[in-house]
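Asks: Numbering (my numbering), first residue to last: 2 to 162.
#1: Return no unless some Cβ of chain B is closer than 7 Å to the Cβ of residue 140.
#2: Could you check which residue in 155, 68, 133 has the C-alpha nearest to that of residue 148?
#3: So what's residue 1 in DSSP terms, helix, strand or just coil?
#4: Look at the Cβ atom of residue 145, then the Cβ atom of residue 130, and state whether they are nearer than 7 Å.
#5: Can you tell me the Cα-Cα spacing of residue 121 and residue 156, whole angstroms?
#6: Can you check which of these residues, 104, 110, 93, is closest to residue 14 by C-alpha distance?
#7: With DSSP run on the structure shown, which of helix, strand or coil describes residue 19?
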């Protein structure tokens with residue numbers, strides 16, 4: 002089994018319901034076991050057109066799937082949530098990012114693991130460190146707890162549950 006860290010976000014519709022449904026969908030999938038989830042955090046959007054605030058979280062899973070197969074499951078769950086991909090950083094019902102997949106690295110046209118911007122985003126690092134502080138970033142060789150959380154006024158993170 003490989004330990005994977007997944008980031009979740011939503012800023013359209015019932016944000017909390019979208020996140021809960023995605024977590025349940027992950028846990029129901031053969032070859033994926035959700036081990037824990039962070040609290041939900043409300044965050045301002047980073048980049049993109051004017052839009053509402055996001056609800057973000059992270060889940061730690063164990064999986065027998067390959068990195069590519071897990072990524073496909075994430076895309077399928079986004080489609081079930083009626084995510085429409087338009088412009089970069091556009092509002093979305095559900096965004097699922099494969100942040101870490103064990104100590105594997107992958108760089109394809111549509112998938113890069115570790116996620117290339119995870120260390121630049123407070124809305125990723127805060128929930129990730131809550132549940133997986135001891136995980137090691139395979140490129141940086143540092144535990145998540147040792148990676149500084151970006152301190153930008155536009156990246157305020159507020160726990161809501």
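Cβ atoms here follow ideal geometry from the backbone N, Cα and C, with glycine treated the same way.
Replies: Let me spell this out:
#1: The structure shown contains no chain B, having only a single protein chain.
#2: On the chain shown, residue 148 is found 147 positions in, with the first residue counted as 1. Selected option, being the one with the closest Cα: 133.
#3: As shown, the chain starts at 2 and ends at 162. That puts residue 1 outside it, with no answer to give.
#4: For the purposes of this step, residue 145 is taken as residue 144 along the chain shown, with counting starting at 1. For the purposes of this step, residue 130 is taken as residue 129 along the chain shown, with counting starting at 1. Yes, they are a contact pair.
#5: Counted from its first residue, the chain shown places residue 121 at position 120. Counted from its first residue, the chain shown places residue 156 at position 155. Taking the straight line from one Cα to the other gives about 10 Å.
#6: By one-based count along the chain shown, residue 14 stands at place 13. For the residues 104, 110, 93, the minimum Cα distance to residue 14 belongs to 93.
#7: Working through the chain shown from its first residue, we reach residue 19 at position 18. Helix.
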